[in-house]
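Contents: one structure, followed by commentary.
In the numbering used here, the protein residues as written are 23 to 122.
So this is what it looks like as structure tokens:
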């Protein structure tokens, strides 16, 4: 096994997941139900499955699409999703602030 690649993937994903919606969802579920173990196990299995699917499909897609194209596509998707969430969330936030 390539340990350098292993630790690179670990470090990048660990940093990327800090404070993201998955972590916030887990935090919210634990505060709501006060049962951290089943929530931790369920979230862990879900993350392992999603990561497996990403690795599997990534391997298949790279046979047909060059890596630099995938980086650009991923960047555009991230920006697009961010813009969508902002456009959807800001009016709701302003509406809630106006009710106070």
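Backbone N, C-alpha and C fix where the C-beta goes; we use that ideal spot for every residue, glycine too.
Indicate the three-state DSSP secondary structure (helix, strand or coil) for residue 44 in the structure shown. What you label residue 44 is simply residue 22 of the chain shown in a count that begins at 1. Three-state result, residue 44: helix.
Quick test of the definition: if touching needs 3 or more C-beta pairs under 8 Å, does the segment 74-81 touch the segment 52-59? no
What are the boundary residues of the alpha helix (DSSP H) that includes residue 92? One-based indexing of the chain shown puts residue 92 at position 70. It spans 89-121 - the alpha helix (DSSP H) in which residue 92 sits, taken as one unbroken run.
Expressed to the nearest angstrom, what Euclidean distance is found between the alpha-carbon atoms of residue 51 and residue 45? For this step, residue 51 is matched to residue 29 along the chain shown. For this step, residue 45 is matched to residue 23 along the chain shown. Whole-angstrom Cα-Cα distance: 10 Å.
Note the first and the last residue of the continuous alpha helix (DSSP H) segment covering residue 26. As a first step, residue 26 is located in the chain shown; it is residue number 4 there, counting from the start. Taken as a continuous stretch (DSSP letters only), the alpha helix (DSSP H) holding residue 26 covers 25-39.
Let me check understanding here. Comparing Cα to Cα, which of 31, 36, 66 lies closest to residue 48? As a position in the chain shown, residue 48 is number 26, starting the count at 1. For residue 48, the nearest C-alpha among the options comes from 66.
Would you kindly work out how many angstroms separate the C-alpha atoms of residue 110 and residue 23, rounded to a whole number? For this step, residue 110 is matched to residue 88 along the chain shown. For this step, residue 23 is matched to residue 1 along the chain shown. Roughly 44 Å separates the two Cα atoms.
In angstroms, rounded to a whole number, what distance separates the CA positions of residue 90 and residue 32? As a position in the chain shown, residue 90 is number 68, starting the count at 1. As a position in the chain shown, residue 32 is number 10, starting the count at 1. In a straight line, the C-alpha of residue 90 is about 22 Å away from that of residue 32.
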